[in-house]
Each structure stands twice: as C-alpha cells, then as structure tokens.
Amino acid sequence: MLSRRYGKTGIEVSAVGFGAMRFPDQNNPDLCAGLVKYAYDRGITYFDTAIGYGRSEELCGIAFKEMLKTRSQRPFYVSTKTFAADEASVRKDLETSLKRMNLDWIDFYHIWCVITMDGWRERKAKGVLHAFEKMKEERLIRHICVSTHLKGEEIARLLQEYPFDGILLGYSAMNFAYRQAGIEAAARAGAGVVVMNPLGGGIIPKNPERFAFVRTRPDETVVQGALRFLLNDPRITVALVGFSSTDHIDEAISAVEGFRPLSETEVDRIRSGISAAFNEMCTSCSYCEGCPEGIPVTRLMEAWNIYLLTGRPADLLSRLRWHWGILPEDAPWDRCTACGRCEHLCTQKLPIIERIKAIKVEVEKAAAGKK
Numbered sequence: 006m007l008s009r010r011y012g013k014t015g016i017e018v019s020a021v022g023f024g025a026m027r028f029p030d031q032n033n034p035d036l037c038a039g040l041v042k043y044a045y046d047r048g049i050t051y052f053d054t055a056i057g058y059g060r061s062e063e064l065c066g067i068a069f070k071e072m073l074k075t076r077s078q079r080p081f082y083v084s085t086k087t088f089a090a091d092e093a094s095v096r097k098d099l100e101t102s103l104k105r106m107n108l109d110w111i112d113f114y115h116i117w118c119v120i121t122m123d124g125w126r127e128r129k130a131k132g133v134l135h136a137f138e139k140m141k142e143e144r145l146i147r148h149i150c151v152s153t154h155l156k157g158e159e160i161a162r163l164l165q166e167y168p169f170d171g172i173l174l175g176y177s178a179m180n181f182a183y184r185q186a187g188i189e190a191a192a193r194a195g196a197g198v199v200v201m202n203p204l205g206g207g208i209i210p211k212n213p214e215r216f217a218f219v220r221t222r223p224d225e226t227v228v229q230g231a232l233r234f235l236l237n238d239p240r241i242t243v244a245l246v247g248f249s250s251t252d253h254i255d256e257a258i259s260a261v262e263g264f265r266p267l268s269e270t271e272v273d274r275i276r277s278g279i280s281a282a283f284n285e286m287c288t289s290c291s292y293c294e295g296c297p298e299g300i301p302v303t304r305l306m307e308a309w310n311i312y313l314l315t316g317r318p319a320d321l322l323s324r325l326r327w328h329w330g331i332l333p334e335d336a337p338w339d340r341c342t343a344c345g346r347c348e349h350l351c352t353q354k355l356p357i358i359e360r361i362k363a364i365k366v367e368v369e370k371a372a373a374g375k376k
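Numbering-wise (the working numbering), the sequence shown opens with residue 6 and increments by one.
What follows is the structure, given as structure tokens:
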C-alpha cells in the first residue's frame with residue numbers, strides 16, 4: 006500500500022482511507038465491522054467517521070476492538086469530528102466517540118463542517134479551539150484538524166487564522182478548480198490534506214461514459230483513473246473513499262497498487278477533458294463569485310450538476326443541505342435580481358439565471374416530497 010506523510014506530524018498513513026459513512030446496512034454489525042477489518046487487513050490505515058454518521062462510530066469500534074490487538078505491529082489511525090463549539094459540548098462529543106470506538110484517544114479530531122467564514126468565527130468565539138487544545142494537552146486527541154466546504158481562497162484564510170495539523174475537504178476530478186487555492190495553502194502550511202468525495206460522492210462511478218476522460222490506460226476503470234488523478238498530486242495525503250463492499254475496497258486498492266506518476270500531458274488531457282465532459286455543467290472555476298446579493302452561485306451550480314446527472318430533485322436538495330449547508334428556508338435564489346453579472350463572468354456561458362430559477366422549483370418539489 007502506498008503511504009503518505011500526514012503534514013508535519015511525521016505519521017505515515019495509507020494513500021487511500023476508509024470513509025465510514027456509506028455502510029450498506031448499519032443494522033448489520035458483522036457486515037459493517039467486517040468491511041473495516043477487511044480494509045485494515047488489505048493495508049488501509051486511515052479510518053474516518055463522525056459522531057453524526059448514525060451508528061458508524063459504534064460499528065467501527067467493533068472492528069477497532071479486534072484491530073487494537075495488532076496495532077503495535079500494524080498501526081492504524083482514526084479520524085472523527087464534532088459540530089460542537091463550546092468546551093462542555095465538545096468534550097461530551099469526544100467522550101461519546103471514544104466510548105463508541107473503544108479508544109483511549111483520537112488521532113485526528115476535526116472541527117466539523119466549516120461552511121462559512123462567519124460560522125467559523127462564531128464557533129471560534131465560543132471557544133472551540135480552546136476546547137481542542139485542552140483535550141490535546143490531556144492526550145485525548147493527538148492532532149487538531151478541520152473539515153470544511155469553503156472555497157479555496159477562504160480555506161487559505163482559515164489556515165492563516167489557525168495552524169491546523171490537517172484539513173479535510175471535498176476534492177475530485179469534478180471540482181478540483183474550486184479548491185486549488187486551498188490545497189496550495191495547506192501545502193504551504195505543512196498541513197495534512199485528506200480529500201473527501203474523491204469519486205464525486207458516487208457520481209463518477211455511476212456515470213462512467215461521462216467521466217471516461219479520467220482514464221489514462223485501456224484497462225483502467227473510471228474509479229481507478231479518478232483516484233490515480235488525485236494520487237498524482239503529492240500535496241494530497243489521503244483520498245477518503247466511502248466503502249460499502251469488499252469489491253469497492255479491492256478496486257480502490259488496485260488503483261493504488263497500479264499507480265504510476267502521470268505525465269504532464271496526461272494531467273493536461275484530464276483537465277481539458279473536464280470542459281468537454283461538463284459541456285453543460287459547471288466546472289466550479291468560481292469566476293462567477295461576488296454576487297451583489299450574496300448568492301453563493303458556485304455552490305448552487307455545483308448542486309445543479311448533481312441534478313443534471315441524476316434527475317432527482319431530492320438529490321439536489323440533499324446536496325444543498327448536507328454538502329453546502331443551504332436550507333430551503335434560506336432560499337438564496339429568491340435574492341436573484343437577474344442582473345446578469347454571473348453570466349457575464351461565466352467562462353462556459355452557462356444560463357445561470359435560468360438555473361437559479363429552476364433550482365427554486367426543484368427544491369420546492371423535493372421539500373414537498375415529490376420525486
């Protein structure tokens with residue numbers, strides 16, 4: 006298994022990590038814990054879960070109890086997260102996580118789901134960093150990390166405000182342009198970089214023809230190609246894949262085992278392929294940012310990508326709510342004055358105003374329970 010050094014920590018972790026939020030059946034402990042143990046036995050050493058992933062921590066804990074027997078010979082590392090901000094709530098979450106997972110400490114503990122800079126500063130003002138630092142002093146956590154959906158430039162500012170040991174962010178062949186500045190800032194800061202949704206939340210494997218451009222070899226699957234595109238970037242420490250079967254684990258590991266550095270020509274071809282494959286889809290370049298009404302245009306357009314691929318209003322609503330923190334009652338689309346600024350700046354000349362109106366319609370359908 007290819008390993009990477011996690012930022013300045015000196016810890017070596019597997020280049021592919023186990024994302025424990027896509028278990029096939031959380032009511033089947035043997036199946037779910039078996040997947041975690043299978044991944045460990047195959048060489049995966051980075052395991053990511055969260056207190057809010059249903060029974061995920063508990064299911065991981067069943068596997069960890071067995072894995073602890075060989076941890077000194079075959080190290081593994083655990084990542085989890087908390088939404089809490091004040092010290093009492095953060096500590097309560099941590100104690101819950103430790104108990105569920107049969108652990109004495111968490112290796113990489115994350116301030117979870119930082120979506121806006123204002124939200125981050127509110128949590129900071131409530132003492133979240135003080136709480137994390139205190140728990141680190143007590144050796145209940147080893148490294149202070151952050152999980153974020155901010156755009157690249159905002160991630161750079163976030164890392165300037167605090168020297169996080171690592172950062173977890175969404176990054177894939179679908180949206181790499183949106184967070185390039187964040188990856189670059191993390192590299193400069195010496196922070197570990199773990200990327201979630203490296204397969205676009207399952208969109209890439211479900212649409213192999215559209216994403217065929219990520220393949221650089223005749224015998225390569227789009228999953229292998231998409232993962233190898235990320236492995237080719239030395240700034241990325243771990244590509245965090247959500248596994249729901251042993252076949253998924255085997256395919257990801259085969260991507261690592263068969264990895265060879267891509268040539269500049271191959272990388273350029275993949276990057277240019279995005280424009281062709283996303284002919285009618287937003288590539289998240291972010292040139293449209295800066296709406297006078299404060300509408301998060303890039304985030305709305307990225308969520309619309311999901312709708313274009315699946316055709317389901319519920320998927321659009323889910324993407325807005327759980328990935329971007331945009332709730333139906335927030336209704337940023339209602340602020341659109343159709344001034345045209347975003348369309349003028351769009352490098353693809355997409356019908357953004359029309360799509361914002363359509364998002365409103367489809368979200369209302371989803372909120373009403375219509376398919």
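Note that the Cβ used here is the ideal one computed from N, Cα and C, for glycine as well.
- Inside the segment 36-90, DSSP marks whole alpha helix (DSSP H) runs of 4 or more residues at positions 61-72, from first to last along the chain.
- Contact annotation: residue 56 and residue 34 have beta-carbon atoms that are not nearer than 8 angstroms.
- Distance from the CA atom of residue 45 to the CA atom of residue 325, rounded to whole angstroms, is 33 angstroms.
- Remark: C-beta atoms of residue 51 and residue 19 approach each other more closely than 8 angstroms.
- Between the segment 308-325 and the segment 258-265, the count of C-beta pairs closer than 8 angstroms stays below three; the two stretches do not touch.
- Ranked by Cα distance from residue 70, the options 278, 246, 108 are led by 108.
- Around the beta-carbon of residue 344, fewer than 16 other beta-carbon atoms lie within 10 Å, marking it exposed.
- The segment 126-133 and the segment 148-161 do not touch, with fewer than three beta-carbon pairs separated by less than 8 angstroms.
- The beta-carbon separation of residue 342 and residue 12, rounded to 44 angstroms, does not stay under the 8 angstroms limit for a contact.
- Here residue 229 is not near residue 271, since their CB atoms are 8 angstroms or more apart.
- Runs of the alpha helix (DSSP H) lying entirely within the segment 153-184, each at least 4 residues long, are 157-166 in chain order.
- Judged by DSSP secondary structure, residue 109 falls outside any alpha helix (DSSP H); it is assigned neither H nor E.
- Less than 8 angstroms separates the beta-carbon of residue 114 from that of residue 99.
- Judged by DSSP in its simplified three-state form, residue 329 adopts coil rather than helix or strand.
- The C-beta distance from residue 338 to residue 361 rounds to 5 angstroms, short enough to meet the 8 angstroms contact threshold.
- With 16 or more other Cβ atoms inside 10 Å of its own Cβ, residue 63 counts as buried.
- Comparing alpha-carbon positions, the option among 134, 198, 254 lying closest to residue 161 turns out to be 198.
- The alpha-carbon separation between residue 186 and residue 92 amounts to approximately 31 angstroms.
- The beta-carbon separation of residue 178 and residue 231, rounded to 5 angstroms, stays under the 8 angstroms limit for a contact.
- By the neighbour-count definition (other C-beta atoms within 10 Å, threshold 16), residue 336 is an exposed residue.
- Of all alpha-carbon atoms in 206, 167, 235, the one lying nearest the alpha-carbon of residue 188 is that of 235.
- Burial check for residue 354: the Cβ neighbour count within 10 Å stays below 16, so the residue is exposed.
- DSSP, read as helix, strand or coil, puts residue 214 in coil.
- The Cβ atoms of residue 53 and residue 204 do not sit closer than 8 angstroms to each other.
- By the Cβ-count criterion, residue 291 is buried, with 16 or more other Cβ atoms from all chains shown falling within 10 Å of its own Cβ.
- Counted as a single uninterrupted DSSP element, the stretch harbouring residue 323 is not any beta strand (DSSP E) but the alpha helix (DSSP H) occupying residues 318-323.
- The beta carbons of residue 130 and residue 170 sit no closer together than 8 angstroms.
- Straight-line spacing of the CA atoms in residue 175 and residue 143 works out to 31 angstroms.
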